[in-house]
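All residue numbers for the sequence shown refer to the working numbering, where the first residue is 86 and numbers rise by one.
Where is the CB? At the ideal position from N, CA and C, for every residue including glycine.
To start, the structure under review is shown below, and the notes come after it.
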Amino acid sequence: LPAWRLVSRFGLSNLLTFMGTGQGFRTRRFLGLSDAKDGTLDSYYSESVIEAKAVFEKGIQQNLAQMASSSWWSAEEIWEMAGGEKLGEEEDFYQISDQRIWGEPNQLLTARPLVKQSGLDGYAKLTLLQKLTPYWTEEIVRRWVEFLGALLDQNPEVYTGQLHSFSYTLKFIYNLDLDGFRTGLTAFQTAINLCLLRLCLPPSLEEITKFISQNPGLGAYNGLVELGFCIANKSDIRCALHMVHDHLLRHLSSSDWTLLHFSTHAWMLIEHILCKVSRYTNRVAQ
């Protein structure tokens, strides 16, 4: 998703589709099915919900073709598996979504999630179109155009106008009131991607402190605890982040500093590192 495409009217719809289905390393083969180009490079981009849906259907059809000779499966079973995630481990298949993109599974990030039926008991599985349509409404387009303001259809690489703060951007995403984006890591990482593409400002120490304090069940908070910090309030989190920052400041090489954009994106980087601490510790222990 190149930045110059995201500043179009349908930029946010594409980003929500991308983030809302957990696109990333495990779905990289699927992303290559998009016909969009960024110069000579492949990119992921659609102009409508129908076009976005067609990319997912293309992946499912590819999987169906590979499984067609397996006659012991029913058509329904084949369709269910073709749109699933376990196939991502097989080189001949396309994983079209990844509910484990942030580590812990979140079925809202699948291409066909189960949702609570309004006014009824039980859950129903959304169709692919039902899943994607909320990302492509006129209201989403209108709010995105309003958010971009003077940045609409401009080149973010050379844009010198005012950008929204990270907190404003994160609140904007929350207020879209979409399943999977009302709180938590998916909304946060969506804002981070907008920051990396220069569509909003990088998070400050205070903004990262606030996010970690409001999400004690997520990786960054657990990472601080794993490192031995006693966290009782926001001040403790702020102090701990300062100590991690100072440690990196002393030990990063000049090339690392430049590569990681530490001078401008330090707090975002530190949050990302902290999210990996518990996983790293567990793997070392194993």
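On the premise that residue j lies in contact with residue i, defined as a C-beta separation below 8 Å, what is that separation, rounded to the nearest angstrom?
{"i": "L52", "j": "G107", "result": "Residue 52 lies beyond the residue range present for the chain, which begins at 86 and ends at 371; the question has no answer from this structure."}
{"i": "L359", "j": "F347", "result": "Not quite, the Cβ-Cβ distance comes to about 15 Å (not below 8 Å), so this is no contact."}
{"i": "F103", "j": "I181", "result": "Going by Cβ atoms, the distance from F103 to I181 rounds to 12 Å, so no, they are not a contact pair."}
{"i": "V92", "j": "L236", "result": "6 Å"}
{"i": "V140", "j": "L118", "result": "6 Å"}
{"i": "L97", "j": "W229", "result": "4 Å"}
{"i": "L354", "j": "L345", "result": "6 Å"}
Return the CA-CA distance between residue i and residue j, expressed in angstroms with no decimal places.
{"i": "Y253", "j": "F232", "result": "10 Å"}
{"i": "E242", "j": "W342", "result": "21 Å"}
{"i": "K201", "j": "H327", "result": "42 Å"}
{"i": "V310", "j": "F273", "result": "21 Å"}
{"i": "D57", "j": "R267", "result": "Nothing about residue 57 can be read from this structure; the chain reaches only from 86 to 371."}
{"i": "G308", "j": "A153", "result": "46 Å"}
{"i": "N99", "j": "S320", "result": "37 Å"}
{"i": "Y208", "j": "H350", "result": "41 Å"}
{"i": "S339", "j": "V369", "result": "28 Å"}
{"i": "L149", "j": "T366", "result": "40 Å"}
{"i": "G234", "j": "Y244", "result": "12 Å"}
{"i": "F257", "j": "L101", "result": "13 Å"}
{"i": "L278", "j": "K361", "result": "Here residue 278 is Asn; the residue named in the question, Leu, does not match the sequence. Computed Cα separation, rounded: 18 Å."}
{"i": "D183", "j": "L270", "result": "14 Å"}
{"i": "A276", "j": "D120", "result": "26 Å"}
{"i": "S128", "j": "R113", "result": "11 Å"}
{"i": "E136", "j": "H332", "result": "47 Å"}
{"i": "G313", "j": "Q371", "result": "20 Å"}
{"i": "R227", "j": "P288", "result": "25 Å"}
{"i": "N318", "j": "N240", "result": "41 Å"}
{"i": "E223", "j": "D206", "result": "31 Å"}
{"i": "Y259", "j": "Y179", "result": "30 Å"}
{"i": "P219", "j": "E189", "result": "24 Å"}
Is the Cβ-Cβ distance between residue i and residue j less than 8 Å?
{"i": "G302", "j": "S363", "result": "no"}
{"i": "L213", "j": "K143", "result": "no"}
{"i": "L199", "j": "K210", "result": "yes"}
{"i": "I316", "j": "W352", "result": "no"}
{"i": "Y130", "j": "R90", "result": "yes"}
{"i": "D27", "j": "Q151", "result": "Because the chain spans 86 through 371 in this model, residue 27 falls outside it and cannot be assessed."}
{"i": "C285", "j": "H330", "result": "no"}
{"i": "L261", "j": "I225", "result": "yes"}
Please determine whether the Cβ atom of residue i lies at a distance below 7 Å from any heavy atom of the ligand GTP.
{"i": "W352", "result": "Looking for the ligand GTP in the displayed structure turns up nothing, as the structure carries no ligands at all."}
Identify which residue in the options has its Cα closest to the Cα of residue i.
{"i": "E132", "options": "P87, W221, I277", "result": "W221"}
{"i": "L251", "options": "N318, L290, R185", "result": "Just to set this straight, residue 251 is Phe in the shown sequence, not Leu. F251 has its Cα closest to that of L290, out of N318, L290, R185."}
{"i": "P87", "options": "L211, L281, T245", "result": "L281"}
{"i": "I322", "options": "Y306, L334, R283", "result": "Y306"}
{"i": "W187", "options": "N318, G105, I225, V226", "result": "G105"}
{"i": "R111", "options": "G265, R185, I277", "result": "R185"}
{"i": "R197", "options": "G96, Q215, H332, E189", "result": "Q215"}
{"i": "N300", "options": "E356, L334, R113", "result": "E356"}
{"i": "K295", "options": "C324, E136, E189, N240", "result": "C324"}
{"i": "D264", "options": "P288, N191, E223, N318", "result": "N191"}
{"i": "G246", "options": "Y259, E223, R283, P219", "result": "R283"}
Within 8 Å of any Cβ in chain C, is that where the Cβ of residue i sits?
{"i": "L214", "result": "In summary, chain C is missing from the structure at hand, where a single protein chain is found."}
Which runs of the alpha helix (DSSP H) fall wholly inside the stretch 319 to 355 and span at least 4 residues, in chain order? Within the stretch 319 to 355, the runs of alpha helix (DSSP H) at least 4 residues long that lie entirely inside it are, in chain order, 319 to 336, 339 to 344.
Enumerate, from N- to C-terminal direction, the unbroken beta strand (DSSP E) stretches of 3 or more residues contained entirely within the stretch 171 to 208. Complete beta strand (DSSP E) runs here, min 3: 199 to 201.
For a minimum of 4 consecutive residues, which ranges assigned as the alpha helix (DSSP H) are wholly contained in the stretch 241 to 273? If only uninterrupted alpha helix (DSSP H) runs of at least 4 residues are considered, those enclosed by the stretch 241 to 273 are 251 to 259.
Could you tell me which uninterrupted alpha helix (DSSP H) segments, each at least 4 residues in length, are contained entirely in the stretch 112 to 154, listed from first to last along the chain? Listed in chain order, the alpha helix (DSSP H) elements of length 4 or more contained wholly in the stretch 112 to 154 are 113 to 116, 134 to 152.
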